[in-house]
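To start, the structure under review is shown below, and the notes come after it.
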Amino acid sequence: MAEQHKFLMDESKIPEQWTNIAADLPGEPLPPLNPGTGQPLAPEDLAPLFPMALIEQEVSMDPNIEIPEEVREAYRLWRPTPLMRATRLEKALDTPAHIYYKYEGVSPSGSHKPNTAVPQAFYNAKEGVKKLATETGAGQWGSSLAFACEMFGLDCEVFMVGVSYDHKPYRRAMMETWGANVHRSPSDLTEAGRSQAEHTTGSLGIAISEAVEVAAGSEDTKYALGSVLNHVCLHQTVIGDEAIAQLEMAGEYPDVVIGCVGGGSNFAGIAFPLLRKKLKEGLDTRFLAVEPAACPTLTKGVYAYDFGDTVGMTPLMPMYTLGHDFVPPPVHAGGLRYHGDAPILCALVKEGLIDAEAIPQTEAFEAAVTFARAEGIIPAPEPTHAIRAVFNEAEAAKQAGEERVILFNLCGHGHLDLAAYQAFMSGELEDLEFSEAEMERALAALPEAPSVA
Ligand SMILES: Cc1ncc(COP(=O)(O)O)c(C=O)c1O
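Just add 20 to wherever you are in the sequence shown, counting from 1, and you've got the numbering used here.
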């Protein structure tokens, strides 16, 4: 009998709760700090930026948090997403490994980002907020938030990293179709943007500073972040929870779970529910976080308190960082160009519960083209990095002669990123160098804070 490709679930199987991995960490997590006082942040400190419901989730130690019915109703537009067995890819790679991917590209904006954009817009609207300000790298987050704001009647203002704004006009068109107002960052609309005008390609860190400034300066406007924070990672766990049920349908369980990491949210989404199972049931699952070699936060950064943005407006967070004013080279995976990572993910890497690996973009795109030719889907530039790591695992399984089960998160499609594929196929895609000297310069400017090493 032919192998089953798609493992699909009914809408009634959309998870009813999010998985809060903070409850599973050994000991209390290190708190974010108020940069002014150096003291642990109080929930009220975040009130100018976020609605209370999200602040509560940010600091919650409850193991599970209920998903509101209105959010589940919106999720039904695209969830549950399919779990796919990549049988054609397995043949192309001639590997005994069984390769599964959770495909988040079926969402309205084409990635995992609406999983958190929808609840963020919902909680803000419920607390009377009128507008959300945000940053976007590749445009995936901005378009997801634009869509979610439209669903819940909010205005949306997006600061888009300059290099992506220039390269991805159709992402901007998507945001505007869903009613958002989009600016090229650095812009001259904010102090933060004006102070960084010489960095014309922009960075996520600069765009965050601009959006935070807009939100902090207006009563009825709040800020929304597409990654890094605990509540964002929390919302993404619908991915892993669905995957567990779908793998059960397939009668398999992964030996290794792989995802790409920009700020950490899609990786958290697929990994955290399976990590909880590993910790509770003593399973031998390996977790692998994959980042670009040009922005190797987990593999080359230092573990320290640092700002989440470039200008230094956010709380200090304990994380692996390349330095908050490190401006990563303009790799095509715009969503992976971030100097830090989710503190909760960093804590798990530091504990040795999650491995990390950095991959150059040419190797990533080479793997993605093989994947597209076998499975049909053209991946977003970000998950191409995870796909290269999957190929390496599949090869290791072949060398060992073992039928290992690999699960990865195909967190978005690349239909609006075809310029990157064009560059790869015409031989113009280069591996942009990571500069140790630039990192050392940025690390010398780390803020004063207690040591966490
Ligand atoms: C498709 C896609 N994957 C991955 C990322 C990286 O973010 P995260 O690590 O939070 O999933 C982004 C960010 O914009 C993205 O658009």
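All residues carry an ideal CB built from backbone N, CA and C; glycine is no exception.
All of these numbers come straight from a predicted model, not from anything done at the bench.
If you ignore the 5 residues before and after V79, its C-beta comes within less than 8 Å of the C-beta of P63 and N250, all in its own chain and listed in chain order.
Collapsing the DSSP output to three states places Y185 in a helix. Contact between L318 and D361 holds, with the beta-carbon distance rounding to 6 Å and staying under 8 Å. Assignment of R357 by DSSP, reduced to helix, strand and coil, places it in the coil class. Around the beta carbon of L438, fewer than 16 other beta carbons lie within 10 angstroms, which makes this residue exposed.
The three-state reading of DSSP puts K298 in helix, counting H, G and I together. Shown here, R99 sits in coil according to DSSP, grouped into three states, outside any helix or strand. A residue is called buried once 16 or more other Cβ atoms fall within 10 Å of its Cβ, and H25, having fewer, is exposed. Secondary structure note for K151: its beta strand (DSSP E) is the uninterrupted segment K151 to T156. In this structure, A291 is the residue among A291, Y273 and A94 with its C-alpha nearest to the C-alpha of V281. About 36 Å separates the beta carbon of G271 from that of V248, a gap too long to meet the 8 Å contact definition.
Beyond the five residues adjoining it in sequence on each side, E395 comes within less than 7 Å, by CB distance, of A106, R108 and L109 in the same chain, given in chain order. Rounded to whole angstroms, the separation of the alpha carbons of P363 and L50 is 9 Å. In this structure, A409 lies near I379, with their beta-carbon atoms less than 8 Å apart. Of the candidates V389, G237, I264 and G225, G225 places its Cα closest to the Cα of D345.
Take S229, set aside five residues on each side of it, and the residues of its chain with a beta-carbon closer than 7 Å to its own are A212, D329, T330, V331 and M333, in chain order. The Cβ atoms of E147 and P71 sit closer than 8 Å to each other.
Looking only at M194, L174 and A443, the smallest Cα-Cα distance to Q140 is reached by L174.
Remark: fewer than three beta-carbon pairs, one from each stretch, lie closer than 8 Å, so the region 370-384 and the region 80-89 are not flagged as touching. Around the beta-carbon of D304, fewer than 16 other beta-carbon atoms lie within 10 Å, marking it exposed. With fewer than 16 other Cβ atoms inside 10 Å of its own Cβ, G447 counts as exposed. In the same chain as F142, and ignoring 5 residues on each side of it, the C-beta atoms closer than 7 Å to its own belong to P88, E90, V91 and F172, in chain order. In this structure, the beta-carbon distance from P399 to H433 falls below 8 Å. By the Cβ criterion, the region 126-134 is not in contact with the region 41-55, since fewer than three pairs of Cβ atoms, one from each stretch, lie closer than 8 Å.
When Cβ pairs closer than 8 Å are counted between the two stretches, the region 251-261 is seen to touch the region 25-44, the count reaching three or more. Within the same chain, Cβ atoms closer than 8 Å to the Cβ of R306 are found at D275, V276, V277 and D375, the five residues on either side in sequence being excluded.
Relative to ligand 1, the beta carbon of F287 is positioned inside 7 Å of a heavy atom. At least one heavy atom of ligand 1 is found less than 7 Å from the C-beta of P403. Taking C-beta atoms as the reference points, F179 and E155 count as a pair closer than 8 Å.
With respect to the C-alpha of A406, the residue from K418, I397 and A388 having the closest C-alpha is A388. In this structure, A400 has its CB closer than 7 Å to one or more heavy atoms of ligand 1. Bounds of the alpha helix (DSSP H) holding S163 are Q160 to M171. The bridge partners DSSP lists for K122 are L103 and N429.
Runs of the beta strand (DSSP E) lying entirely within the region 281-339 and spanning at least 3 residues, in chain order: 306-312 and 322-327.
For K133, the distance from the CB to the nearest heavy atom of ligand 1 is below 7 Å.
Not one heavy atom of ligand 1 falls within 7 Å of the beta-carbon of L368.
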